[in-house]
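Reviewing the structure listed below.
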Amino acid sequence: MDILIPVLIVAAIGLIAGAGLTLAAKLMYVSVDEKVASIREKLPGANCGACGYAGCDDYANALVHGEGISTSACPVGGAYLAIAIARILGVEADESEEKVAAVMCRGSSDAIRRAMKHDKAWSCRAANQLYGGQMECRYGCLGMGDCVQACPHDAIKISDGLAVVDRDACVGCGICADACPKNLIEIHEKSKRIYIACKSLDTGLFTMKACAKGCIGCGRCESVCRFDAVKVENNLARIDYDKCRMCGMCVKECVTGAIIDIRKKKKS
Amino acid sequence: MKEIIMIMMSVILVNNFVLSQFLGMCPFMGVSKKLDSATGMGLAVTFVMVLSTVATWPIQHFLLDPLGIGYMQTLVFILIIASLVQLVEVALKKYVPSLYRSLGIFLPLITTNCAVLAVTIMNIDDGYTFLQAVFNSAGAGIGFLLAMVLFAGLRQKLDESKMVPAPFKGIPITLITASILSLSFMGFSGIVDGIFG
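Below, the structure is given as structure tokens:
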């Protein structure tokens with residue numbers, strides 16, 4: 063009996079509160095703009111915040127009530143969603159290209175030299191704080207999978223001590239890029255099929271010792287490029303994508319293999 | 117009257133909820149980046165504190181105490197505060213949309229704010245009458261608002277300043293600032309006794 067009274071009281075209070083709330087929600091119902099509701103339905107509902115708004119509801123609201131808000135802000139939904147939103151709003155869809163994460167390092171465990179050995183795989187962030195990680199190269203991937211843990215879409219994994227992006231599963235939300243303490247992950251357009259997968263600003267001599275696949279800044283790519291798109295600055299080659307035609311000459315010329323060509327991989 | 121002023125002074129300055137009792141630290145750290153959002157949060161907390169005291173004080177004294185189940189206080193209060201805040205949110209959305217928009221995300225956040233639960237329980241524990249309890253919670257809310265506004269102002273200045281050494285940038289200097297602000301509020305201890313005692 064002693065236990066029954068408090069249980070009943072709490073249950074009764076809960077019921078009354080619940081009934082009151084239901085009633086209030088019915089009585090004081092505010093009709094939501096139809097457009098907001100239908101856009102909200104189309105949005106993925108992950109509430110990841112990658113669009114820059116506080117969740118999907120907020121973005122849907124901003125789209126309808128704000129002015130000049132990009133319909134392609136949601137990287138999860140991609141171009142398909144942008145078109146769907148634009149159709150609901152009755153505006154032209156923004157030109158948006160699908161984006162994808164790319165790891166700017168090729169330092170797999172056979173290529174890179176270790177400066178020290180860690181007994182346990184910690185997190186990259188922790189390892190980075192201890193003299194910049196276990197690798198000789200201060201810029202390279204630590205391979206402990208902070209990005210893997212961060213990825214909500216299971217699109218990145220550690221293979222042979224190096225983070226590898228599954229380009230089909232990746233939606234380009236950029237959460238992994240924030241998680242990487244070395245800032246190795248870049249979000250760029252899927253059409254950029256050739257890129258320099260190295261961030262080492264060390265001199266060529268040092269890079270060569272540290273990693274077999276790093277950019278040593280030799281400049282062969284720069285001299286072979288017919289479109290003047292590749293430039294070596296601070297011991298690291300950079301591609302100017304306004305000029306690049308994706309011909310792949312630089313990839314062939316690169317001695318260390320620091321330039322990645324994804325077109326090729328797809329063909330073979 | 118003197119009693120009520122004493123209660124208000126004490127809870128705003130001496131026993132400030134955030135700075136000397138360390139309640140509601142989450143919004144204190146989280147929502148204090150900008151002055152206007154800090155003010156919004158402070159006002160919303162004050163509002164909810166008073167409202168939940170008005171609701172919970174009678175329930176404790178006319179329902180829980182007569183039945184001898186005062187120990188269910190925590191559970192029942194959480195239930196009531198949560199549903200009350202929801203109700204307020206629905207009502208604001210309908211009748212005062214402008215206020216709803218400015219309080220925005222803060223209202224549902226406050227539902228789980230420990231400072232609100234704490235003020236309702238303290239009102240009971242300290243044996244306040246209904247009127248005293250209402251003023252105590254208003255004071256607690258104003259104290260919270262004061263702490264938020266002061267801290268937000270400091271943080272905005274800190275963000276602009278280039279003098280912060282690199283290792284202290286961001287969270288570390290924020291925590292140090294909070295502790296110094298808290299220390300400075302210790303200077304108020306004894307002020308109520310000094311004025312009214």
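So the protein lines, in turn, are chains A and B. To get our numbering, take the position in the first sequence, counting from 1, and add 62. To get our numbering, take the position in the second sequence, counting from 1, and add 116. Backbone N, C-alpha and C define an ideal beta-carbon position, used for all residues, glycine too.
Three-state secondary structure (DSSP) of residue i
i	result
A/Y121	helix
A/I65	coil
B/F153	Looking at the sequence itself, residue 153 of chain B is Ser, so the reference to Phe does not match. Helix, per DSSP.
B/A294	helix
A/K328	Because the pLDDT of A/K328 is 49, which lies under 50, any placement of that residue in the model is unreliable, and the number read from its coordinates should be weighed accordingly. Residue state, collapsed to three classes: helix.
A/A81	helix
B/I185	coil
A/A173	coil
A/D323	strand
A/E160	coil
B/V161	helix
B/V308	helix
A/V165	strand
Cβ of residue i within 8 angstroms of any chain B Cβ
i	result
A/G114	no
A/G82	yes
A/I247	no
A/V92	yes
A/I65	no
A/A73	no
A/A146	no
A/G128	no
Cutoff 8 angstroms: residue i Cβ touching any chain A Cβ
i	result
B/L215	no
B/L145	Strictly speaking, residue 145 of chain B in this sequence is Met, with Leu absent from that position. Not closer than 8 angstroms to any Cβ of chain A, the Cβ of B/M145 fails to qualify, so no.
B/V201	no
B/V192	yes
B/K209	yes
B/P174	no
B/I307	no
B/L183	yes
B/I196	yes
B/M157	no
B/G302	Residue identity check: residue 302 of chain B is Met in the sequence provided, not Gly. Not closer than 8 angstroms to any Cβ of chain A, the Cβ of B/M302 fails to qualify, so no.
B/V232	no
B/V206	yes
Straight-line gap, residue i to residue j (C-alpha atoms, nearest Å)
i	j	result
B/F312	B/K118	8 angstroms
B/G286	B/F267	14 angstroms
B/I121	B/V308	10 angstroms
A/R300	A/A108	35 angstroms
A/S252	A/C136	The question names Ser, yet the displayed sequence has Lys at residue 252 of chain A. Their Cα atoms are separated by approximately 16 angstroms.
A/V339	A/G276	Nothing in the structure corresponds to residue 339 of chain A, since chain A is present only between 63 and 330.
B/Y216	A/A189	46 angstroms
B/L135	B/F301	7 angstroms
B/I173	A/S185	The question names Ile, but residue 173 of chain B is Trp in the sequence shown. The alpha-carbon atoms of B/W173 and A/S185 are separated by roughly 49 angstroms.
A/C280	B/V280	40 angstroms
A/I324	A/I258	11 angstroms
A/K314	A/C110	40 angstroms
A/G414	A/H127	The question about residue 414 of chain A has no answer, for chain A in this structure spans 63 to 330.
B/F138	B/M238	14 angstroms
A/K261	A/T269	10 angstroms
A/A217	B/Q176	53 angstroms
A/G310	B/P143	53 angstroms
A/I278	A/I131	43 angstroms
B/L191	B/M145	27 angstroms
A/L267	A/R187	27 angstroms
A/E129	A/S285	47 angstroms
Minimum Cβ-Cβ distance from residue i to chain C less than 8 angstroms
i	result
A/P68	The structure shown contains no chain C; its protein chains are A and B.
Any non-hydrogen atom of the ligand FMN within 7 angstroms of residue i CB
i	result
B/F251	The ligand FMN is absent from the structure shown, which contains no ligand whatsoever.
Q. Taking only runs of the alpha helix (DSSP H) that begin and end inside the region 205-229 of chain B, which ones reach a length of at least 4 residues, in chain order?
A. 213-219 and 222-226
Q: Enumerate, from N- to C-terminal direction, the unbroken alpha helix (DSSP H) stretches of 4 or more residues contained entirely within the region 251-314 of chain A.
A: 266-272 and 282-286
**Q.** 4-residue-minimum alpha helix (DSSP H) runs that sit fully inside the region 178-242 of chain A, ordered along the chain
**A.** 186-191, 208-212 and 237-241
**Q.** Completely contained alpha helix (DSSP H) runs for the region 97-155 of chain A, where each covers 4 or more residues
**A.** 117-127 and 140-151
Q) How about the region 182-194 of chain B and the region 67-75 of chain A: do they share at least three Cβ pairs that are nearer than 8 angstroms? A) yes
Q. With a cut-off of 8 angstroms, do at least 3 Cβ pairs link the region 190-199 of chain A to the region 143-154 of chain A?
A. no
Q) Quick one: complete alpha helix (DSSP H) runs, 4+ long, within the region 226-268 of chain B? A) 230-241
Q: Examine the Cβ distances between the region 80-90 of chain A and the region 203-211 of chain A and report whether three or more of them are shorter than 8 angstroms.
A: no
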